[in-house]
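Trainee: To start, I am sharing the structure in question, which I have written as structure tokens.
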Amino acid sequence: MRTLLIDNYDSFTFNLYQYLSEVNGCPPFVVPNDWDEFTPEELSRFDNIVISPGPGTPEKSGDFGICSVVIRDATVPVLGICLGHQGIAYVHGGSVDHAPEPMHGRPSQIWHSEQGLFDGIPSPFRAIRYHSLAVSEVPPILEVTARSEDGIVMGLQHRERPQWGVQFHPESIETEYSLQLLRNFARLTQRAETSERRVNIPTQSNSLTPRSRESEQAKTEYDVHVDTLPLHCGDEQLFSAIFADEVNSIWLDGNQPENAASRFSIMGSPTGPNASIATSDTSAGTVTVTGADGHAQTFERGFFDWLKSAMESVDVETPSLPFEFALGWAGYLGYELKSEVGSPNQHQSAIPDAWVMFLDRALVVDHLTNTIYLLGLAQRGSRGDDCREWFERTKEQIASCKVAARLPEEPSEVELWARHSHADYLGLIREAKQNIIDGESYEVCLTNMLSGESSLKPLDTYLRLREQNPAPFGAFLRSPQVQVLSTSPERFVSISGDRHVESKPIKGTRPRGNTEAEDVQIRSELQNAEKDRAENLMIVDLVRHDLSRTARLGSVRVERLFDVESYATVHQLVSTICAELDPNVDPVTCVKAAFPPGSMTGAPKLRTMEIIDKLEGGARGVYSGAIGYFSLSGAVDLSVVIRTLVLSRGEIQYGVGGAIISLSDEQAEYDETVVKARPLLHVLRDTPFPEGLDPANPTGEAL
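In terms of the UniProt record's numbering, the sequence shown has 676 at position 676, counting the first letter as 1, and numbering is strictly consecutive.
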């Protein structure tokens, strides 16, 4: 059975794709609602049609696209979900209006007819709702088949044609009997005897992006050479001894040996014969690569496409190692790279939109076994003399490391400003909530940018940050243009050498308690709070969608839902989503399909990023992007850029924010940004949280 799945630019569509693939035995054919090849004659080539959820209203052609014509003209069975459900009512003469209460990421009991779509499903059952609009007037040609406990229409059926709608989201991980409902739709399709209509239906990837194929370009062949020695000093002494004087360097700071995610630290600088540095300028559509000899070459292409090509141009033999990193590209991906995934930028960052180094030499520290690994890249077939020489020089430097901890200098006092004042930020929260009420978004991850003039010493400041706020994904990046000091607790995406994918979004934050008893109470309250669970669930369903675009069919799963993880200053609500990468998709394409991190945008991602650009009035820069590596082995590990200080040209910036949903209390959301700023404020000698704007930069333009 072949299904046409029409995507209303939602962030849950590929969850439906996965479920329909399982039910039908083959993937659906996915098209956007502005499909330029659409003609009504196309519809009869499919056995049935599913119209996805999405932002907006069926009354606006820009929101609903071809879906109105599909509902009007289709003779094959049609299932509309959320926006699609509302569209069936609207096209047939009904009305859609504001619901009494927005319901996003929240459960309801669904009472139904126990027939048709709901055959074999208990009444009531639990389903997740994502809507602020609802069918307010049902036309006579439609029959109501389900309602929620608050009386809202949750199911419709056409009296004469094979068309059904459901307001709730069967594709949510928390909705019960999802597959049974879709199996019922397949059974109803067979009953309608439409299967003979299918002819010449094209095949399609499970990604809206082109399928990745093995590159035909010539590959440079390398071997990774390895040497080891025992660790006898701290990471801070090691980095200071080897890389403190380097103009460009990186330290991916795993400092928690008991945590598998942060058992290893990676340190490096692009000083080897094959090293280079790449920077992206999204406004120009270019990537500039500067080699070890200082020669720069500019490519007129997007960053992700360039990186995919660069990764495919190298063939590497890697020895057996206890970690995934086997040299490769490391650095940051800025938030404004979103312009490469369908969200045009309204604001431009003053620093590169991406900055990555090709590390052909690096140190990896195993904190569990207290071992240092020296990695070097050499042409295949060579003896690796350059590597061995570097190994010996580096060993001598390590031997001279001081065991005593380095004492970082006290930072000077810094006066901070906010891009948005207290009053203005409360106003932006109200605007975000109005967008949610009007159906434009389910969740808006709104942020504020703190900034100030400072002559902070980057490495000293980072050492204080990591001491006061230890986190599994710490990072220190240094270039002449920008220095990035991150103590992120959040994994964006990791891909192992055997193509296992993991993402661990964070949504839901509370400050630590003053006593152990208070701390336990706060943890329990966070784990069970309706608002925080709704925030988290929305992003879980979004990440499932993002990973499903490049995952092997049937492999996406939620391993942990609503876990609480505790850090130095906060408790966080964390979920874990895993998948297996499709054999035809490369790791860079997987990252591109999930970028930017959904926990920093909200959902639906594309429409919500438009809203964010309008509300925030400035670029985010590094903040809300990702930091980490793309290994030559095919492994990837990237964190979300939060709890991160950015220094450039004598200015510092630190982003803070939170998810706005219909349940949000404006002052509580503002207070949460203050909590999230504590690591920065503390390291700056307890500088107070800024309440006003920088008079010299009232728009707060990002670095």
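Quick reminder that beta carbons are idealized off the backbone N, C-alpha and C, glycines included.
If we call anything under 8 angstroms between Cβ atoms a contact, is residue 704 one with residue 337?
Mentor: The displayed coordinates of the chain run from 1 to 703. Any statement about residue 704 would go beyond what the structure contains.
Trainee: Which value, in whole angstroms, describes the spacing of the CA atoms of residue 181 and residue 65?
Mentor: 26 angstroms
Trainee: What's the gap between the Cα of residue 439 and the Cα of residue 187?
Mentor: 32 angstroms
Trainee: Would you mind reading off the limits of the beta strand (DSSP E) that contains residue 442?
Mentor: Here residue 442 belongs to no beta strand (DSSP E), and DSSP marks it neither H nor E.
Trainee: From the DSSP secondary-structure annotation, give me the bridge partner or partners of residue 478.
Mentor: 249, 483
Trainee: Tell me the rounded alpha-carbon separation between residue 72 and residue 122.
Mentor: 32 angstroms
Trainee: Along the chain, where does the beta strand (DSSP E) containing residue 35 start, and where does it finish?
Mentor: No beta strand (DSSP E) contains residue 35, which DSSP labels as neither H nor E.
Trainee: Compare the beta carbon distance of residue 81 and residue 51 with 8 angstroms and say whether it is the shorter of the two.
Mentor: yes
Trainee: Reducing DSSP to helix, strand and coil, say where residue 507 ends up.
Mentor: strand
Trainee: Beta-carbon separation of residue 606 and residue 343 under 8 angstroms?
Mentor: Yes.
Trainee: Report the rounded CA-to-CA distance for residue 353 versus residue 487, giving the unit in angstroms.
Mentor: The straight-line gap separating the alpha-carbon atoms of residue 353 and residue 487 is approximately 20 angstroms.
Trainee: Can you grab the Cα-Cα spacing for the pair residue 753 / residue 139, in whole Å?
Mentor: Any answer about residue 753 is impossible in this case: the structure gives the chain only from 1 up to 703.
Trainee: Residue 251 and residue 476: beta carbons closer than 8 angstroms?
Mentor: yes
Trainee: What residues are listed by DSSP as bridge partners for residue 653?
Mentor: 451, 646
Trainee: For residue 96 versus residue 145, is the C-beta spacing smaller than 8 angstroms?
Mentor: no
Trainee: When the Cα atoms are used, what is the spatial distance from residue 566 to residue 389?
Mentor: 44 angstroms
Trainee: How would you write the range of the alpha helix (DSSP H) that residue 106 sits in, first residue to last?
Mentor: No alpha helix (DSSP H) contains residue 106, which is instead part of the beta strand (DSSP E) from 95-112.
Trainee: Taking a contact to mean a Cβ-Cβ separation below 8 angstroms, would you say residue 639 touches residue 659 in this structure?
Mentor: Their beta carbons are not under 8 angstroms apart, which means residue 639 does not touch residue 659 by this criterion.
Trainee: Using CA atoms only, rank isn't needed, just tell me which of 69, 101, 378 is closest to residue 437.
Mentor: 101
Trainee: Taking the alpha helix (DSSP H) that residue 23 falls in, what are its first and last residues?
Mentor: 13-24
Trainee: For residue 585, which of helix, strand or coil comes out of DSSP?
Mentor: coil
Trainee: So what does residue 276 bridge to, in DSSP terms?
Mentor: In the DSSP output, where bridge partners are listed per residue, residue 276 has 291, 358.
Trainee: Exposed or buried, residue 520, counting other C-beta atoms within 10 Å across all chains shown (16 or more means buried)?
Mentor: The Cβ neighbour count for residue 520, taken over all protein chains shown within 10 Å, is under 16; the residue is labelled exposed.
Trainee: Can you pull the DSSP bridge partners for residue 377?
Mentor: 224
Trainee: Using only the alpha-carbon positions, how far apart do residue 11 and residue 386 sit?
Mentor: 49 angstroms
Trainee: Among the residues of its own chain, which have a CB less than 8 angstroms from the CB of residue 190, if the five just before and after it don't count?
Mentor: 1
Trainee: If contact is defined by three or more beta carbon pairs under 8 angstroms, each pair taking one atom from either stretch, is the region 314-329 in contact with the region 215-231?
Mentor: yes
Trainee: Rounding to the nearest angstrom, what Cα-Cα distance links residue 76 and residue 192 in this structure?
Mentor: A straight line joining the alpha-carbon of residue 76 with that of residue 192 spans about 8 angstroms.
Trainee: Let's see if you can read the secondary structure: which residues bound the beta strand (DSSP E) around residue 136?
Mentor: 125-137
Trainee: Does the separation of the CB atoms of residue 645 and residue 485 fall below 8 angstroms?
Mentor: yes
Trainee: Measuring only the C-alpha atoms, how far is residue 561 from residue 528?
Mentor: 12 angstroms
Trainee: Could you check whether the region 617-625 touches the region 453-468, counting it as contact only if at least three pairs of C-beta atoms, one from each stretch, sit closer than 8 angstroms?
Mentor: no
Trainee: Classify residue 8 as buried or exposed, calling it buried when 16 or more other Cβ atoms lie within 10 Å of its own Cβ.
Mentor: Buried, by the Cβ-count rule.
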